[in-house]
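Following this note's numbering, the numbering of the sequence shown begins with 471 at its first residue and continues without gaps. Just below is one structure, and these are the notes that go with it.
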Amino acid sequence: MTTSLRGRDLLSVADLSADEVRQAFGTAVALKAEFRATRRHAVPSLPGRTLAMLFQKPSLRTRVTFEAGMAQLGGHAIYLTHDVVLGARESVRDVARNLERFVDGIVVRTGPHEVALELAAHAAIPVINGLTLREHPCQAMADVFTMQERFGRLEGLVVAFVGDGNNVYHSLALLGASLGMEVRLAHPAGYAPNDRIVARARELAAASGGRLTFGHDPVEAVRGAAVVYTDAWTSMGQEAETEERRDAFAGFTVDDALLDAAGTDVVAMHCLPAHRGEEITSAVMDGPRSLIWEQSENRLHVQKALLVEILGGTEAA
């Protein structure tokens, strides 16, 4: 069945069907192979297209991969940070109505998920979620693409997320559930994921044959897992909780001993930035079982695929 993301928003991975995810992955495979071979695309897919990047949170990977990706595809990205203070200097609605007349699409990286929803509701052009406190869909897409590359399959693959039930976990759980994966979470008491996200992920898992599990013991969670995934204990905006979180997450560090408990073929993943020695050790990050740098590179290829699918020319009838 042919699907199309042309002109659509991407605010949550739950916006995508399994077929649409697979289609985007197919596009990413082709783009990655060509770029790896020549560092160029012979026929750029987005000539003359323009992307506004509304970033109210710091970024390395999201900014560089979207900005470089647009350039590599023949388009242009405009980075907006202090120029636009959504809801303060100018209402979200007014920003949307201006930008829809200037550019072809918007990537928004902000705090409240409601800001991304409002921007999409008022903009007649596609809006892509580059991170909110609720979800990080582009990260999850790159993560699962990386798992598919490594293992050649997704259905039944076991991923153990060790740490906070945060936005990265939310998107990974939703996407993994829709593709028939088993997504486990080991978290300290008080750091569980959003109930509504979990309920939606359970619905997706029931339809796909996927599975979600939860617990407080990292060793138990990783047994038999193909992937052990972690994220920073203290994310942007939570700096005041740093010491409290270090205490709560003691024992949740992904180290070689925890990987050994998982099994022989396990790999470690981290969305970055990492706090080496806290949620993950340098020995794991830089070791032979790390998939982190491939995971990071794939942000570029998967986001380029999403841009092509969403902003590309009209399909033939």
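Positions of the beta carbon are idealized from the N, C-alpha and C atoms, including for glycine. Please read these numbers as outputs of a predicted model, since none were measured by experiment.
Here Thr497 is not near Ser487, since their CB atoms are 8 angstroms or more apart. When secondary structure is reduced to three states using DSSP, Ser561 falls in the coil class, being assigned neither helix nor strand. In this structure Arg567 is exposed. Its beta-carbon is surrounded by fewer than 16 other beta-carbon atoms within 10 angstroms. Between the alpha carbons of Gly694 and Arg510 lies a distance of about 40 angstroms.
The shortest C-alpha to C-alpha distance from Ala547 to any of Arg563, Asp564, Leu569 is the one to Leu569. Residue pairing by DSSP places Asn568 in no beta bridge whatsoever. Beta-bridge analysis with DSSP links Phe631 to Leu655, Tyr699.
By the C-beta criterion, the region 608–628 is judged to be in contact with the region 766–781, since at least 3 inter-stretch pairs fall below 8 angstroms. Of all alpha-carbon atoms in Val638, Ala696, Arg620, the one lying nearest the alpha-carbon of Ser705 is that of Val638.
Of the candidates Ala662, Arg769, Gly650, Gly650 places its Cα closest to the Cα of Glu673. The criterion of a C-beta distance shorter than 8 angstroms is not satisfied by Leu501 and Gly545. Setting aside the 5 residues that flank it on each side, His745 is surrounded in the same chain by Ala702, Trp703, Thr704, each with a C-beta closer than 8 angstroms to its C-beta; the list follows chain order. Note: Asn599 is bridge-paired with Val578 in the DSSP secondary-structure output. Boundaries for His686: no beta strand (DSSP E) harbours it, and the DSSP string shows neither H nor E there.
Contact between Pro688 and Ala643 fails: their C-beta atoms lie close to 17 angstroms from each other, not under 8 angstroms. Under the DSSP assignment, Leu550 falls in the beta strand (DSSP E) whose first and last residues are 546–550.
Ala738 is bridged by DSSP to Val698, Ser760. Distance from the CA of Ile667 to the CA of His640, rounded to the nearest whole angstrom, comes to 6 angstroms.
A contact between stretches requires three or more CB pairs, one per stretch, nearer than 8 angstroms, and the region 580–599 fails this requirement with the region 617–636. Around the beta carbon of Ser482, 16 or more other beta carbons sit within 10 angstroms, so the residue counts as buried. In the DSSP annotation of this structure, the continuous segment of the beta strand (DSSP E) that includes Ala522 starts and ends at 520–525.
Pairing Ala732 with Arg654, the inter-Cα distance amounts to about 13 angstroms.
With contacts defined as CB atoms closer than 8 angstroms, Leu728 and Val697 fail to qualify as a contacting pair. Here DSSP, grouped into helix, strand and coil, assigns Leu776 to helix.
Counting every other CB atom within 10 Å of its CB across the protein chains shown gives Glu749 a total of 16 or more, marking it as buried. Per DSSP, the unbroken alpha helix (DSSP H) holding Arg531 starts and ends at 531–542.
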